[in-house]
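Quick note, the sequence shown lines up with residues 7 to 340 if you use this note's numbering. Remarks on the structure that follows.
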Amino acid sequence: MHLPSGLTPGGCKRYGFHKWKTTPILGRSFSENRTMNWNDVRYLLAVARHGGLTGASRELKVSQSTVARRVETLEAALHTRLFERRTNGYELTEAGRGMVERAEAVESRMVEMASDFRGQDAEIAGAVRISTIETLAVPIIIPRLAAFQQNYPGLSLGVAIQASFARLPQREADIGVRLCRPEQGLFAVKRLGMLAFGLYASPEYLSRHPAGGRSHPISGHQLIAWSDPVSYIALPKLMRSWTVDGTIALTVDSMQGQMLAIRSGFGLGILPCIMANADEKLVRLHPQSCHHEEAIWLVVHNDIRHARRIRVVTEFLEATIKEQQPALSGSGGT
Numbered sequence: 007m008h009l010p011s012g013l014t015p016g017g018c019k020r021y022g023f024h025k026w027k028t029t030p031i032l033g034r035s036f037s038e039n040r041t042m043n044w045n046d047v048r049y050l051l052a053v054a055r056h057g058g059l060t061g062a063s064r065e066l067k068v069s070q071s072t073v074a075r076r077v078e079t080l081e082a083a084l085h086t087r088l089f090e091r092r093t094n095g096y097e098l099t100e101a102g103r104g105m106v107e108r109a110e111a112v113e114s115r116m117v118e119m120a121s122d123f124r125g126q127d128a129e130i131a132g133a134v135r136i137s138t139i140e141t142l143a144v145p146i147i148i149p150r151l152a153a154f155q156q157n158y159p160g161l162s163l164g165v166a167i168q169a170s171f172a173r174l175p176q177r178e179a180d181i182g183v184r185l186c187r188p189e190q191g192l193f194a195v196k197r198l199g200m201l202a203f204g205l206y207a208s209p210e211y212l213s214r215h216p217a218g219g220r221s222h223p224i225s226g227h228q229l230i231a232w233s234d235p236v237s238y239i240a241l242p243k244l245m246r247s248w249t250v251d252g253t254i255a256l257t258v259d260s261m262q263g264q265m266l267a268i269r270s271g272f273g274l275g276i277l278p279c280i281m282a283n284a285d286e287k288l289v290r291l292h293p294q295s296c297h298h299e300e301a302i303w304l305v306v307h308n309d310i311r312h313a314r315r316i317r318v319v320t321e322f323l324e325a326t327i328k329e330q331q332p333a334l335s336g337s338g339g340t
């Protein structure tokens, strides 16, 4: 079951379906006594998520005609067109987008309620999906999950490793550990610590292209950059401030790929200190002047933050980041 995206500290507002602005569906007559059926809302959400009947019918395990009929029933009950029927699928109307936003909030509250009350006399159990970046997942989070799960064997854990520092997947995870604080939406947000970055090269590259001395910024070197500069918003700006007159020799869209490219002697690149400092095949350049830190944010869907399974995982993540803060800041090991 998908969860809503977005977050703002605080609780969710309650919305009444009867308060929505509606758009009449032309050419139909409606019964004034017809009421909305929550089961029909499930069909609305499925069509909205898949953009059409095919994926929705597959998710709900019913025929496409059944999905279409249930959506039409919901529209009739609301006196509102929720989708525009296109040749390539279903497109939400403005009213439909508002309906989906509120329906997802209700859906998530139902999930939270079921989670909170199911198995009250039993162990903490259920699925928890964490979305984070490989810089935090690989050296810190994943190596410690086994010991954590021994204390909560009923938990089913998932880690979605995203390439982007900036974007938070919508409704794809329960918890996010990110380098970007959401500016809007229904989330609870907490800063956990800081992640340091530095400028690195391989000894082999430096033997061919010395970058010694105290000159700053560093001039005239081959550079390794990101394929998608939006994914790592701060790093392209850092590269421009730490180097001048450089040539981009390679673009790579993952942190592990960046690290391998720098080790192989392609050129200079920016890496998280927690990954690069322990690597003997990497040399850090100008550690005092080429140093930058980004805040690490814990992001939880506000609707589920009090669920027991969510609380124990967020507490684990908070303790882990705190314990590893010296390494994250570039001053210690993992």
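Quick reminder that beta carbons are idealized off the backbone N, C-alpha and C, glycines included.
Asked                                                                                                                   : Found
Leu288 in three-state terms, based on DSSP                                                                              : coil
Among Leu201, Ile310, Val165, the one whose alpha carbon lies nearest that of Leu192                                    : Ile310
Assigned exposure category for Asn308 - 16 Cβ within 10 Å defines buried                                                : buried
Residue range of the beta strand (DSSP E) that includes Lys67                                                           : From DSSP, Lys67 is part of no beta strand (DSSP E); its letter is neither H nor E.
Burial state of Met265, where buried means 16 or more other Cβ atoms lie within 10 Å                                    : buried
Option nearest Ala101 by Cα separation, candidates Phe89, Val112, Gly95, Glu110                                         : Phe89
For Ser137, three-class secondary structure by DSSP                                                                     : strand
Simplified DSSP state of Glu189, which is helix, strand or coil                                                         : coil
Neighbourhood of Trp248 by C-beta distance below 7 Å, restricted to the same chain and skipping five residues each side : Leu205, Pro223, Ile224, Cys296
Backbone CA spacing between Trp303 and Val195 [nearest angstrom]                                                        : 7 Å
Exposure label - Ile276; buried when at least 16 CB within 10 Å                                                         : buried
Other residues of its chain near Thr138: CB distance less than 6 Å, five sequence neighbours each side excluded         : Val183
For His56, the first and last residue of its enclosing alpha helix (DSSP H)                                             : 44-56
Pairwise C-alpha distance: Pro209 and Gly271                                                                            : 8 Å
Opposing strand residues paired with Thr253 [DSSP bridges]                                                              : Gln228
Segment contact flag, the stretch 128-148 with the stretch 104-113, C-beta cutoff 8 Å, min 3 pairs                      : no
Counted within 10 angstroms of its Cβ, other Cβ atoms place Arg76 as buried (16 or more) or exposed                     : buried
Contact belief for Ala143 with Val165 at Cβ below 8 Å, rounded distance in angstroms                                    : 6 Å
6 Å CB neighbourhood of Thr79 in its chain, flanking five on each side removed                                          : Asp46
Through-space distance from Ala120 to Thr72, alpha-carbon basis                                                         : 27 Å
Beta-carbon proximity check, Ala282 vs Leu291, cutoff 8 Å                                                               : no
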